[in-house]
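Below is one structure, written out as structure tokens; comments come after it.
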Amino acid sequence: MCGIVGYVGSRSVSECLLEGLHRLEYRGYDSAGIAVISDGEISVRKKAGRVMELARLVEEQPLFGNIGIGHTRWATHGETTDANSHPHLGGNGEVVIVHNGVIENHDSLRNQLIALGYVFHSQTDTEVAAHLMAHHLSEQLKLNSDEPCVDTCLRAVNLTLDRLKGTYGICVMFRDCPDTIIAARSGSPLVIGVGKNEYFLASDSSPLIGCTQDVVYLADNEVVVLNATGMKIAHRTTGRVQPSIQTLDQVSADIDLGNYPHYMLKEIFEQPTSVENAMRGRLDEGEATAVIGGLNLTAQQLRTFDRVVLTACGTSWHAGLVGEYLLEEFARLPTEVEYASELRYRNPPISDRTLVFSITQSGETADTLAAMRECQRKGHPTLSICNVVGSTIAREADGGIYLHAGPEIGVASTKAFTSQVTVLSLLALYLGRMRHLSYPAGKRIIKQLREMPEKIEEALKCHERVQEISEKYAHFNNFLYLGRLYNFPVALEGALKLKEISYIHAEGYPAAEMKHGPIALVDEQTPSVFIVPKGGIQPKVISNMEEVKARRGPVIALACEGDKEVERIADDVIIVPDVEEYLQPLVCAIPLQLLSYHIALLRGCNVDRPRNLAKSVTVE
Ligand code: F6R
């Protein structure tokens, strides 16, 4: 939510900031802006709308210089207007800031600042921080007029941060300290790119790819002071921090669209590879188990756990539901899947024998992070299943498993879901083989897992068929998605994909639950998407299909090739490969991702940047 960039060095700063904002746009696209210092003046260009529109504005009214900050906004306080766009100036233009997060006490601070004579030009919480910086700066200048300017500015930043309640990733520049950027974080991520006589700042590493491989992840309560020749990091209470420089292993190709029209389509088609990457080096044929390093728990410790809690939001929560079924089936471990937003405020019984995993693509979701910290506060080791290397959750977890899916840029999560399900299958196999799962069963699972990249490739062959079907159904305004057992979470995920990118109302249900209420929705105008590949209780789902047809509801079915019974009942069939039931989510998710993609396109929606959403939800 909201993307921040900053740069100091010798490059042309406007281009550098705009390129960074393009890459961070998935974090928010309500408005964008940049601020540059040159000739002792702070100049701002900002605009409601996409980064592209800001780029046009900068073309008409160029900004030259070598130091600047930028922001792409996901609105929290105040509408999406030019005035509410960041950067925000403080005082009489002596301070400028960009901010990601929420300042919870903005109202009372605003009143105090108004009483002091500060004039507000926006409805944002951020402008409060800008004026507060200006206020503390003027106070400090009165007290310490002969110390170096940067020290006074830093003190003004710290005094301001002391008074903020809430979360922030913040970058500040001061007109009278024109070669310095000061940045700080508490709850919202910031990463520093270290170059030769240049430094970059960003909310995540994507703007840094191709600029530098050396990065430093700022931790909560740390403040960094940057100029072209150096950086100083300090913890706000414990003092100077020796930066730990890490190497970024992403390359530009990871974030290029290639020949695809949208990131979402690219990422859907990357799934044979991303699933393969999730398994790479993690299957041990000899022992018929998975190899999972990084959990930081010995086999003996892992055997003592008698319960698992998986916590996540959105699509990651759906993957968690598949994980519940897998862990209970393979490892016989009672598993609960908790919405992180609920877990963080509940007080569920978690004992020393409960293993907690946070599942997250971005590693920055505020609720998931808070749920993890809540569990850690109570002394429970909390592990993560995460995609973004170096993200806050990955760093703060007591151990974990990376997805290795590569950057997911489309706002609707696709490849992260299948990679999460793959990693959860490995985890279930690993924990299962420490408990009840036999050697032959482990061998069989490994063989089936190895076939998955090929099966996903096969599933992708439905693309044209899905495109055809989408044309027939794109005009409907309500959909039901129905599946059972391993395909119940897939139904939820299919409905979520349709909702988020085509703004069509869709509900996912376990197929058998339909008759307990949702069947009342069925009529000629409400298509049902049944996930009905071969499997133990397929006849039951087929009966549910009959029930929908009997009420004249249109039916789209995902089924295996040659399934005559499904073909007879359904109006339209999409073929999915025949795989073991526990692996069906990996192939059945594919046509549903494509269906939502094509329906959204036909309805003229922006598939990569759906309205009101942002890729990583770093506010509560
Ligand atoms: C849906 C989607 C969201 C995320 C959710 C959690 O397509 O992208 O529902 O899954 O916001 O995000 P992560 O996995 O980054 O914690």
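Quick note on numbering: my numbering labels position 395 of the sequence shown as 602, and the sequence is numbered without any gaps.
No residue lacks a Cβ here, since even glycine has one placed at the ideal position from N, Cα and C.
Since we're looking at a predicted model, the values are computed, not measured.
- Beyond the five residues adjoining it in sequence on each side, Q800 comes within less than 7 Å, by CB distance, of I475, T621, K704 in the same chain, given in chain order.
- Scanning Y325, L667, P696, R775 for the CA closest to the CA of G530 turns up P696.
- Within the model, the alpha-carbon separation for E334 versus I726 is close to 50 Å.
- The beta-carbon separation of I738 and N694, rounded to 4 Å, stays under the 8 Å limit for a contact.
- The C-alpha of P479 is placed about 6 Å away from the C-alpha of E664.
- With fewer than three CB-CB distances shorter than 8 Å, the stretch 310-329 does not count as touching the stretch 350-359.
- Segment contact: the stretch 401-416 against the stretch 225-233, three or more CB-CB distances shorter than 8 Å; contact assigned.
- By the criterion of at least three beta-carbon pairs nearer than 8 Å, the stretch 704-714 is in contact with the stretch 800-809.
- Excluding residues up to 5 positions away in sequence, nothing lies with its Cβ nearer than 6 Å to the Cβ of E266 in the same chain.
- A distance criterion of 6 Å places the beta-carbon of G521 in contact range of ligand 1, judged by its closest non-hydrogen atom.
- One thing to note: S565 has its Cβ within 7 Å of the Cβ of I600.
- Per DSSP, N694 is one residue of the alpha helix (DSSP H) stretching across 694-709.
- D574 sits buried, since 16 or more C-beta atoms from the chains shown fall within 10 Å of its C-beta.
- Taking non-hydrogen atoms of ligand 1 into account, the C-beta of A619 is found less than 6 Å away from one of them.
- Looking from the CA of R510, the closest CA among G649, L455, R560 belongs to R560.
- Residue pairing by DSSP places N307 opposite G376 in a beta bridge.
- V544: not part of any alpha helix (DSSP H); member of the beta strand (DSSP E) spanning 542-546, first to last residue.
- DSSP places H723 within a helical segment (H, G or I) once states are collapsed to three.
- For Q478, the shortest separation between its Cβ and any heavy atom of ligand 1 does not lie below 6 Å.
- The beta carbon of S569 sits closer than 6 Å to at least one heavy atom of ligand 1.
- The alpha-carbon separation between N351 and P385 amounts to approximately 19 Å.
- Around L320, the same chain offers H338 as residues with beta carbons nearer than 6 Å, after the five sequence neighbours per side are excluded.
- Judged by DSSP in its simplified three-state form, Q268 adopts coil rather than helix or strand.
- Bridge pairing for P717: G690 [DSSP].
- Ranked by Cα distance from G277, the first of P660, Y214, T287, L689 is Y214.
- Of the candidates V755, I708, Q508, V755 places its Cα closest to the Cα of K722.
- The alpha-carbon of I797 is positioned some 33 Å away from that of T454.
- The Cβ-Cβ distance between L631 and L533 falls below 7 Å.
- Not a single heavy atom of ligand 1 lies less than 6 Å from the C-beta of T518.
- At least one heavy atom of ligand 1 falls within 6 Å of the beta-carbon of T575.
- At least one heavy atom of ligand 1 lies less than 6 Å from the C-beta of V824.
- Placement of the Cβ of T572 at a distance of less than 6 Å from at least one heavy atom of ligand 1 is found.
- A direct Cα-to-Cα measurement between V814 and I616 gives close to 11 Å.
- Note on P660: 16 or more other CB atoms within 10 angstroms of its CB, so buried under the neighbour-count rule.
- In the same chain as M471, and ignoring 5 residues on each side of it, the C-beta atoms closer than 7 Å to its own belong to G617, A619, T621, Y804, V814, D815, in chain order.
- The three-state secondary structure of Q453, taken from DSSP, is strand.
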